[in-house]
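Enquirer:
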Amino acid sequence: MLLSMTTAMAAHGAVTKAAFGTTPDGTAVDIYTLKTEGIEARIMTYGARVVSIKTPDRDGKVADVVLGYSALDGYLEDKTTYFGAIVGRYGNRIAFGKFSIDGHQYQVPINNNANSLHGGTVGFDKLVWQAHAVADGVEMTLVSKDGDQGYPGTLTVHVRYTIHHGALRIDYSVSTDKTTVVNLTNHAYFNLAGDGKGTILGEELTLPADQYTPVDSGLIPTGVLAPVEGTPFDFRKSAVIGARIHDNSEQLKIAGGYDHNWVLRGKSGELKTAARVYDPGSGRVLTVTTTEPGVQFYSGNFLDGTKFGKAQEGYGKNAGLCLETQHYPDSPNHPAFPTTLLKPGEVKHSTTTFTFTTHAK
Ligand code: GLA
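Residues 449 to 809 in my numbering are what the sequence shown spells out, letter by letter.
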């Protein structure tokens with residue numbers, strides 16, 4: 449079954465829909481292909497996940513630059529990597545899965561050592577979203593019931609993926625009927641050399657951030673905004689990812705590499721550059737912009753060769769990197785951090801863009 453809504457390619461992206469299997473409870477999963485000049489992205493309704501992004505290298509040779517599986521089964525079996533997913537309600541960690549709102553304490557699932565990670569045991573990455581095609585893309589909708597994974601409030605989430613000349617744009621909008629906390633992000637793993645083409649350690653990263661949030665042994669922020677100056681966390685000037693990853697740094701040891709939140713310059717709510725990655729081999733450049741106040745740069749430290757992806761190869765340590773635009777981890781327990789509270793009557797909007805270009809040798 450193929451519903452085609454092809455429009456003039458120059459002005460608009462073409463959007464097509466196809467079946468992508470069924471979940472064990474019989475729910476049908478669809479996949480949308482969005483295509484325009486310089487980019488083809490495939491997004492499925494299970495977890496509103498980015499399944500592939502194809503872009504050309506400096507010689508025009510096209511490759512898939514995100515990690516994942518060729519079929520739905522791989523995604524259903526993998527409970528730990530969050531490949532390509534929208535994570536929520538709370539992307540990243542909440543200490544001991546506990547927080548209070550208006551004097552009421554909430555407990556959400558502990559699924560990462562002593563803490564709650566990425567919305568709990570059955571987060572938004574493991575649910576089938578409703579979807580419909582829109583101009584240049586697809587809009588995914590999820591209604592999470594009051595009490596889902598222990599979080600208060602019926603949450604209505606819209607995530608709109610659109611493509612524009614070499615770019616994938618994600619617009620989030622979310623509302624609630626009871627005061628709650630929310631932190632949505634996308635968890636795509638990129639390897640600009642191409643999926644399954646070695647590690648990201650030779651890629652060059654820029655993060656326009658003067659501070660980051662150091663963590664304790666459970667990867668929970670201590671609450672301090674520490675300067676990046678003079679540390680392996682300083683990416684204000686482009687640096688090779690692998691150059692300092694094995695430095696004698698307590699923070700790098702705790703996480704087994706980079707798995708930290710950088711405090712972005714500029715205002716929360718304004719679209720600003722969050723990161724830039726350059727792969728010298730292929731010439732591909734990824735520029736990330738966001739309205740979020742932070743970005744989690746995760747260097748794929750927990751990939752251990754046991755997940756066999758599209759390229760049929762086990763994804764080893766550092767096979768991909770994530771740039772999760774977000775509010776800071778554990779914000780509900782750090783009143784000084786930008787707030788993640790959402791009240792009834794409010795609509796929280798957020799935008800992140802991933803733009804692919806190339807750089808000559
Ligand atoms: C996020 C976390 C990491 C890890 C991955 C998923 O990036 O910060 O610690 O849990 O998700 O494996």
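Built from N, CA and C at the ideal position, the CB exists for glycine as well.
Does H807 pass the burial test, meaning 16 or more other C-beta atoms within 10 Å, or should it be called exposed?
Expert: Exposed: under 16 other Cβ atoms inside 10 Å.
Enquirer: Please report the distance separating the alpha-carbon of M453 from that of S730.
Expert: For M453, the predicted model reports a pLDDT of 44, less than 50, meaning its position is unreliable and no value from the coordinates is stated.
Enquirer: Looking only at C-alpha atoms, which of L603, F468, N639, E485 sits nearest to V477?
Expert: Considering only alpha carbons, the answer is F468.
Enquirer: Excluding sequence positions up to five away, which residues of its chain have a Cβ less than 8 Å from the Cβ of A628?
Expert: The identity of residue 628 in the sequence shown is Thr, whereas the question assumes Ala. So the list reads R537, I549, Y599, P600, G601, L603, L789, L790, once near-sequence residues are dropped.
Enquirer: Give the DSSP bridge partners of I501, in chain order.
Expert: DSSP, once it has assigned bridges, lists A489 as partnering I501.
Enquirer: Would you say D707 and R684 are within 9 Å of each other, going by their C-beta atoms?
Expert: No.
Enquirer: Under the three-state reduction of DSSP, which class applies to Q699: helix, strand or coil?
Expert: Note: Q699 maps to helix in three-state DSSP.
Enquirer: For Y706, does the three-state DSSP call read helix, strand or coil?
Expert: In this structure, Y706 counts as coil in the three-state DSSP scheme.
Enquirer: Looking at ligand 1, does it come within less than 8 Å of Y763, judged from the CB to the closest heavy atom?
Expert: Not under cutoff, so the answer is no.
Enquirer: Using a threshold of 8 Å, is the CB atom of H606 nearer than that to any non-hydrogen atom of ligand 1?
Expert: Not so, every heavy atom of ligand 1 lies at least 8 Å from the Cβ.
Enquirer: Any heavy atom of ligand 1 within a distance shorter than 8 Å of the CB on E740?
Expert: No.
Enquirer: From N540 to Y763, what distance separates their C-alpha atoms?
Expert: Their Cα atoms are separated by approximately 22 Å.
Enquirer: Going by DSSP, what residues sit across from Q555 in a beta bridge?
Expert: The partner list for Q555 (beta bridge, DSSP) reads K546.
Enquirer: Do you know offhand how far A636's Cα is from T803's?
Expert: Roughly 14 Å between the two C-alpha positions.
Enquirer: Helix, strand or coil for S798, going by three-state DSSP, please let me know.
Expert: Looking at S798 - three-state DSSP - the assignment turns out to be strand.
Enquirer: Assess contact between the stretch 749-768 and the stretch 515-522, defined as three or more Cβ pairs (one per stretch) separated by less than 8 Å. Is contact present?
Expert: Touching, yes, given that three or more Cβ pairs across the two stretches are closer than 8 Å.
Enquirer: Quick check on this structure: which residue in G742, I491, T528 has the alpha carbon closest to the alpha carbon of S500?
Expert: Closest option to S500, Cα to Cα, is I491.
Enquirer: What whole-angstrom Cβ distance do D512 and G642 have, given they're in contact under 8 Å?
Expert: That pair is a contact at about 6 Å.
Enquirer: Would you grab the beta carbon distance between G461 and D584 for me? Rounded to a whole angstrom, and I think it's under 8 Å.
Expert: Their Cβ separation, rounded to whole angstroms, is 4 Å, which keeps G461 and D584 in contact under 8 Å.
Enquirer: Where does K483 fall in DSSP's three states?
Expert: It is a strand residue.
Enquirer: With DSSP collapsed to three states, give me the class of P675.
Expert: In this structure, P675 counts as strand in the three-state DSSP scheme.
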